[in-house]
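>
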Amino acid sequence: MIVPCGIKDRGIGSVKELLQKASDGREMDDKLLMDITYNSLIEEFAEIFKLSLVSPDISFQ
Numbered sequence: 000m001i002v003p004c005g006i007k008d009r010g011i012g013s014v015k016e017l018l019q020k021a022s023d024g025r026e027m028d029d030k031l032l033m034d035i036t037y038n039s040l041i042e043e044f045a046e047i048f049k050l051s052l053v054s055p056d057i058s059f060q
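The sequence shown begins at 0 in numbering that gives the first Met the number 0 and counts up one residue at a time.
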């Protein structure tokens with residue numbers, strides 16, 4: 000068993016496990032979980048570093 004950071008009374012978790020617990024028991028596939036993680040990371044990064052997020056308009060037509 001791996002002991003994270005030497006903390007013996009805590010188990011190992013994963014981002015996927017945490018997001019599924021927060022989703023009120025709904026099943027989510029890996030792509031959706033990765034999208035949620037990505038968007039949350041970008042938003043938090045922008046907030047911490049006082050950045051404005053600008054999404055480019057992309058057209059494939």
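Don't be surprised by glycine CBs; every beta carbon is placed ideally from N, CA and C. Nothing here was measured: the structure is a model prediction, and the numbers come from that model.
1. From 18, 13, 46, pick the residue whose C-alpha is nearest to that of residue 34; which is it?
2. For residue 52, which residues of its own chain have a beta-carbon under 8 Å away from its beta-carbon, when the five flanking residues on both sides are left out?
3. Which of the three DSSP states is assigned to residue 22 in this structure?
4. Thinking C-beta only, is residue 32 closer than 8 Å to residue 49?
Answer, in terms of the structure:
1. One-based indexing of the sequence shown puts residue 34 at position 35. For residue 34, the nearest C-alpha among the options comes from 18.
2. Stepping through the sequence shown from its first residue, residue 52 is reached at position 53. Excluding residues within five positions, the ones whose Cβ falls inside 8 Å are 41, 42, 45.
3. The sequence position of residue 22 within the sequence shown is 23, counting from 1. Look at residue 22 here: in three-state DSSP terms it is coil, with no helix or strand label.
4. Taking the sequence shown and counting its residues from 1, one reaches residue 49 at position 50. Taking the sequence shown and counting its residues from 1, one reaches residue 32 at position 33. Between residue 49 and residue 32, the C-beta spacing is not below 8 Å.
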